[in-house]
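Numbering (full-length UniProt numbering), first residue to last: 1 to 47.
Think of the CB as a built atom: it goes at the ideal place given N, C-alpha and C, for glycine as much as any other residue.
Rendered as structure tokens:
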């Protein structure tokens with residue numbers, strides 16, 4: 001199963017919520033990893 005990840009936070013960047021350039025398709029495990037403390041390089045995240 002795949003999940004859509006918002007590179008620019010859904011809460012912080014509401015104007016980007018539906019912008020295709022702000023979305024990344026990830027499997028569930030990878031999506032959980034992106035938001036975990038293990039993602040030390042902050043990959044796929046925009047602060």
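Taking a contact to mean a Cβ-Cβ separation below 8 Å, would you say residue i touches residue j in this structure?
i, j, result
"residue 2", "residue 26", "yes"
"residue 18", "residue 8", "no"
"residue 6", "residue 31", "no"
"residue 34", "residue 43", "yes"
Along the chain, where does the beta strand (DSSP E) that runs through residue i open and close?
i, result
"residue 5", "2-6"
Let's see if you can read the secondary structure: which residues bound the alpha helix (DSSP H) around residue i?
i, result
"residue 31", "28-34"
In this structure, what does DSSP give as the bridge partners for residue i?
i, result
"residue 25", "4"
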